[in-house]
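When we follow this note's numbering, the leftmost residue of the sequence shown carries the number 3, and every step to the right adds one. Written out below as structure tokens is the structure these notes cover.
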Amino acid sequence: MVYRETDRMRARKATVRRKILLAARDLIAQGGYRSVRMARVAECAEVATGSLYRYFHSKSDLFTQVFEMVSTHEIVVLAKAAGSGGSCRSRLEAAIRTFAENAFQRPRLAYAMMAEPVDPSVEAARLRHRRAYARVFERLLEEGIARGEFPKQDPAISAAAIVGLMAETLIGPLSKTPPASPNGGHCDEAGEALLGAILSFALRGVTGSPIDLSRTEGAGG
């Protein structure tokens with residue numbers, strides 16, 4: 003007789019798997035990948051340590067799946083900001099601001115997602131998702147060019163430059179967050195200054211014009 007899973011069993015497995023992923027994510031947010039121990043993940047997820055390997059082949063597999071989960075969510079949030087109402091320029095600013103503010107809210111997790119050295123499988127996923135982030139900006143730039151809001155340019159190159167700008171400028175501050183401070187809350191004065199510099203540089207690069215953020219904030223399009 004062939005064994006077949008019932009819908010209830012599949013639902014239960016999915017629930018347990020998500021609990022494990024969330025537990026691992028929260029531990030990474032506290033101290034990065036290096037601080038995570040499988041026994042601690044199991045304890046936080048309320049499962050036996052051996053049960054972890056029924057859902058994930060290895061710690062590397064678990065880390066990769068956590069990365070996929072977190073980054074996929076962030077890409078959806080970014081796309082929502084980029085697709086909100088208003089001009090393409092205001093949406094570009096909103097998307098950049100959303101990315102940076104989310105990073106400052108959970109700095110240890112953001113650093114782990116962006117740059118913390120880890121297994122090659124996570125590095126490969128990081129590269130794939132970086133391209134996905136760039137595609138969000140690329141579509142917005144294409145729209146802005148078509149509508150005459152942005153000058154003619156290669157949207158793929160400009161989008162990749164924006165993603166690189168955000169990542170490289172945020173990595174330093176995020177990496178300095180103490181392990182005991184997984185949640186950074188809202189941007190402090192230094193964070194706001196950095197965000198302003200990122201916005202000015204990105205908008206100036208895309209539009210080809212000097213940017214005065216004091217005149218664009220709150221304009222909404």
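Glycine is no exception: its CB is placed at the ideal position from the N, C-alpha and C atoms.
- Distances from the CA of ALA204 to each of ALA126, GLY33 and ARG93 were compared; the closest alpha carbon is that of ARG93.
- Looking at LEU24, ARG36 and GLY33, the one whose alpha-carbon comes closest to that of GLU45 is LEU24.
- By the Cβ rule, the stretch 56-67 counts as touching the stretch 115-127, because three or more pairs are nearer than 8 angstroms.
- The Cβ atoms of ALA169 and ALA136 do not sit closer than 7 angstroms to each other.
- Within a 10 Å sphere around the beta-carbon of ILE164 sit 16 or more other beta-carbons, which makes this residue buried.
- For the pair of segments examined, the stretch 100-108 was found to touch the stretch 70-84: the number of CB pairs separated by less than 8 angstroms reaches three.
- Per DSSP, GLU151 lies in no alpha helix (DSSP H) segment and is marked neither H nor E.
- Taking 8 angstroms as the upper bound for CB-CB distance, PHE152 and CYS90 are in contact here, some 7 angstroms apart.
- With a minimum length of 4 residues, the unbroken runs of alpha helix (DSSP H) contained wholly in the stretch 15-90 fall at 40-47, 51-57 and 61-84.
- Nearest to GLY87 by C-alpha distance, out of SER73, LEU142 and PHE69, is LEU142.
- Contact check for ALA127 against THR179 fails: the beta carbons are separated by 7 angstroms or more.
- Here the alpha carbon of SER211 sits roughly 15 angstroms from the alpha carbon of GLU95.
- Restricting attention to VAL72, GLY174 and ARG110, the CA atom closest to the CA of GLY34 is found in ARG110.
- Nearest Cα to LEU29 within the set MET11, SER53 and ALA114: ALA114.
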